[in-house]
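S.K.: Residue numbers (my numbering): 43 to 240.
Idealized CB from N, CA, C, for every residue including glycine.
No experiment lies behind these values; they were computed from the predicted model shown.
There's a structure below that I have some questions on.
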């Protein structure tokens with residue numbers, strides 16, 4: 043059985059757990075402390091508020107350990123704020139947060155909460171053979187990517203999903219739908235990983 047951790051400091055933690063509970067042979071656990079990183083095969087960094095999550099990572103003394111584990115190959119998936127936390131570059135800011143994924147992001151790119159939207163009929167070929175629901179809430183998008191980053195989805199010319207080796211980033215919130223396709227894709231990444239204990 044694979045153990046998938048959800049960073050449980052702030053954001054849509056329970057929503058990710060509920061989706062993972064629909065998938066066979068997956069154990070979902072909340073992660074708050076550095077020593078818990080050794081208990082998981084992959085980690086989801088949920089949506090929320092990226093600056094708050096980054097501060098809490100430091101307050102809980104997990105920031106440095108998490109950065110090292112990702113650099114050492116721990117599969118990680120960031121949704122919305124999680125995407126921002128993973129990115130090396132944040133447009134208009136001097137530095138990022140974890141700075142592990144070679145992407146440049148624009149935060150709140152679609153405007154405020156009132157500009158949140160969902161688009162139901164979008165297909166991501168690497169992830170699903172059928173269209174999947176995509177929910178955007180004060181979402182960022184990716185402006186540019188490094189040479190070894192694969193763009194998984196463009197929406198109106200903007201990059202909203204990308205993968206770099208063992209790292210996945212989505213600007214949208216699959217955990218806010220009943221669809222498990224993106225979670226299953228991340229689990230397939232975990233199974234491919236050299237760090238997987240499966």
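What's the gap between the Cα of residue 222 and the Cα of residue 216?
M.R.: 8 Å
S.K.: Can the beta-carbon of residue 142 be found closer than 9 Å to that of residue 125?
M.R.: Not a contact, by the Cβ cut-off of 9 Å.
S.K.: Which of helix, strand or coil does DSSP assign to residue 178?
M.R.: strand
S.K.: Taking the C-alpha atoms as reference points, what is the distance between residue 180 and residue 80?
M.R.: 32 Å
S.K.: In terms of residue numbering, what span does the beta strand (DSSP E) encompassing residue 211 cover?
M.R.: Taken as a continuous stretch (DSSP letters only), the beta strand (DSSP E) holding residue 211 covers 209 to 212.
S.K.: Helix, strand or coil for residue 227 per DSSP?
M.R.: DSSP places residue 227 in helix when its eight states are reduced to three.
S.K.: Quick check: what's the CA-CA separation for residue 233 versus residue 68?
M.R.: 11 Å
S.K.: Are the CB atoms of residue 115 and residue 78 within a distance shorter than 9 Å?
M.R.: Between residue 78 and residue 115, the C-beta gap is not smaller than 9 Å, which leaves the two residues out of contact.
S.K.: Please report how far the alpha carbon of residue 204 lies from the alpha carbon of residue 173, in whole angstroms.
M.R.: 17 Å
S.K.: Use the C-beta contact count for residue 196: other C-beta atoms within 10 angstroms, 16 or more gives buried, fewer gives exposed.
M.R.: Residue environment for residue 196: exposed (fewer than 16 other C-beta atoms within 10 angstroms of its C-beta).
S.K.: In terms of residues, what are the limits of the beta strand (DSSP E) holding residue 72?
M.R.: 68 to 73
S.K.: When DSSP labels each residue in this structure, what does residue 164 get in the three-state scheme?
M.R.: Assigned with DSSP and collapsed to three states, residue 164 falls in strand.
S.K.: Nearest-angstrom Cα distance between residue 17 and residue 148?
M.R.: With the chain covering only 43 through 240, there is no way to say anything about residue 17.
S.K.: Please list the segments of the beta strand (DSSP E) lying wholly inside the segment 50 to 125, counting only runs of 3 or more residues, in order along the chain.
M.R.: The segment 50 to 125 contains these whole beta strand (DSSP E) runs: 68 to 73, 84 to 87, 118 to 121.
S.K.: Once you ignore the five residues that flank residue 71 on each side, which residues in its own chain have a CB closer than 8 Å to its CB?
M.R.: 45, 46, 47, 48, 78, 81, 82
S.K.: Note down the Cα distance separating residue 139 from residue 130, rounded to an integer number of angstroms.
M.R.: 7 Å
S.K.: Would you tell me roughly how many angstroms separate the C-alpha atoms of residue 102 and residue 111, rounded to the nearest one?
M.R.: 16 Å
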